[in-house]
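K.L.:
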Amino acid sequence: MSSALDAFASYLRDHNLPVTAQRLAIADVVLGSESHLSAADVARELRSRGSAAGLATVYRTIEVLTRSGLVVERDFGEGFKRYETARDTPHHEHLLCSVCGRVTEFRNERLERMTTLIAEQHHFSRQGHRLVIYGTCDQCRRGPI
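Sequential numbering of the sequence shown, starting at 2, is according to the working numbering.
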């Protein structure tokens, strides 16, 4: 079991929640992914592994993962939420392809400094920011090969 999966099992026990095979399978998909997954993506991946769980169970487990601090919820305005692991990475932004839905993370120090300067110029006490750039990824722009 991975350390993140162990941490989730400990969180469940510490909060008197059942540690079930379904919850661990769902957590394994989410915590083991490098992608920004939707609940439907998680359910699809579970089926491909031969370990199905209902969508309601997936949503409830993802909610617990989020409360545990192991997973971060992202809302890119698509009508559904995506989830990514809360790894030890610095603050980052996202590029979202409006054709295929691919999410690309990026970090830019100049952008970080600029948001602080903008807040200061407006006498605003900055607590954080979030940026999503919507567009078409290179692969979708080129079309099928």
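Backbone N, C-alpha and C define an ideal beta-carbon position, used for all residues, glycine too.
By the DSSP assignment, the beta strand (DSSP E) with Val72 in it spans what residues?
P.N.:
Indexing the sequence shown from 1 puts residue 72 at position 71. It spans 72 to 76 - the beta strand (DSSP E) in which Val72 sits, taken as one unbroken run.
K.L.:
Check this for me: beta carbons of Leu47 and Ala26, under 9 Å apart or not?
P.N.:
Here residue 47 refers to the residue found at position 46 of the sequence shown. Here residue 26 refers to the residue found at position 25 of the sequence shown. Yes, they are a contact pair.
K.L.:
Taking only runs of the beta strand (DSSP E) that begin and end inside the segment 18 to 81, which ones reach a length of at least 3 residues, in chain order?
P.N.:
As far as the segment 18 to 81 is concerned, its whole beta strand (DSSP E) runs of at least 3 residues are 72 to 76.
K.L.:
Going straight from the alpha carbon of Ala28 to that of His130, what length do you get?
P.N.:
What you label residue 28 is simply residue 27 of the sequence shown in a count that begins at 1. What you label residue 130 is simply residue 129 of the sequence shown in a count that begins at 1. If I take the Cα positions, the gap works out to 28 Å.
K.L.:
Please state the DSSP three-state secondary structure of Cys138.
P.N.:
For this step, residue 138 is matched to residue 137 along the sequence shown. Reduced to three states, the DSSP call for Cys138 is coil.
K.L.:
Could you spell out the range, first to last residue, of the beta strand (DSSP E) harbouring Thr105?
P.N.:
Position 104 of the sequence shown, counted from the first residue, corresponds to residue 105. First-last of the beta strand (DSSP E) with Thr105: 104 to 107.
K.L.:
Would you kindly check if the distance between the Cβ of Arg61 and the Cβ of Glu74 is under 9 Å?
P.N.:
As a working note, residue 74 is residue 73 in the sequence shown. As a working note, residue 61 is residue 60 in the sequence shown. No, Cβ-Cβ distance for Glu74 and Arg61 is not below 9 Å.
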